[in-house]
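Residue numbers (the working numbering): -2 to 284.
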């Protein structure tokens, strides 16, 4: 069951062998939400023990809050007696209303939100493609290239090459991603078969995302909100959020030598960044 497959409702209609199976299914869904949605949309609570902290593990899930927009929240708390599910309304940062829900209704509401989000993203991508195709594409900047044979040095320099060209919060996000990639690369065992995943993110997904944005007219990129109400800068921030989450997952998988997590996260990043259908992609064209 994956978020991309809109599988939340499947947990509500499935017939697990016992309550433990259902709990495990729901908690896997929550963990997947954490890796697929940006922090502004989903916040997962965890309770790491001493062993978790020593091993660098995040700890067991204790709950999740999903912001479905316009102050509407879906809240799930995981306790020893099961799940407590509520819908809530937040106004000015304060929760002013709560309503208890059955788990099946909560999962159905989550499933509907995920489906609507995917549809909105697809529409925004199509609109972006139609508008951006008329703008042309500048030559890519060598300064935003990360080479495999000088990966550490190029990643160390990359934040400086975007400083002054994007807002400070974007520079900070790039700096965090680069630092995580450098540390992950340093932790890779010699000849590791999954090293290509780290290299692909460092040499392709991150610099390409930045280059495509910086090729746009900057006033237009920051002010034109024709992509589902978002600007190109908004989309860049979302993409960097997703990249940062993905890189963090890669780092965790390398530390834990978790091949299954590496493959799953690598496949997700490849699907999101490894093709021509990115939100900000400028298609190749000839005169």
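From the three backbone atoms N, C-alpha and C, an ideal C-beta is built for every residue, glycine too.
- Non-local C-beta neighbours of residue 248 in its own chain, meaning closer than 6 Å and more than five positions away in sequence, comprise 177, 181, ordered along the chain.
- According to the DSSP assignment, residue 201 belongs to no alpha helix (DSSP H), since it is labelled neither H nor E.
- Scanning 46, 56, 233 for the CA closest to the CA of residue 170 turns up 233.
- The beta-carbon separation of residue 107 and residue 63, rounded to 6 Å, stays under the 8 Å limit for a contact.
- Residue state for residue 160 is assigned as strand, using DSSP reduced to three classes.
- If you draw a straight line from the Cα of residue 210 to the Cα of residue 218, it is about 8 Å long.
- Listed in chain order, the non-local C-beta contacts of residue 38 below 7 Å within the same chain comprise 63, 64, local neighbours out to five positions each way being set aside.
- In this chain, the beta strand (DSSP E) harbouring residue 85 covers 79 to 88.
- Look at residue 75 here: in three-state DSSP terms it is strand.
- By the criterion of a C-beta distance shorter than 8 Å, residue 44 is surrounded in its chain by 56, 57, 59, once the five residues flanking it on both sides are discounted.
- Inter-residue distance for residue 163 and residue 204 is about 14 Å (C-alpha atoms, whole angstroms).
- When DSSP states are grouped into helix, strand and coil, residue 99 belongs to the coil group.
- Here residue 70 carries a strand assignment [DSSP, helix/strand/coil].
- As DSSP reads the structure, residue 192 sits in no beta bridge.
- Distances from the alpha-carbon of residue 246 to those of 26, 161, 269, 31 put 31 closest.
- The beta carbon of residue 200 is closer than 6 Å to those of 143, 145 in its chain, skipping five residues each way along the sequence.
- DSSP, reduced to helix, strand and coil, places residue 32 within a helical segment of the structure shown.
- Residue pairing of residue 94 in beta bridges, as defined by DSSP: 86.
- Around the beta carbon of residue 236, 16 or more other beta carbons sit within 10 angstroms, so the residue counts as buried.
- Across the structure, residue 260 and residue 42 are spaced so that their CA atoms are roughly 25 Å apart.
- 69 is the residue among 34, 111, 69, 23 whose C-alpha sits nearest the C-alpha of residue 95.
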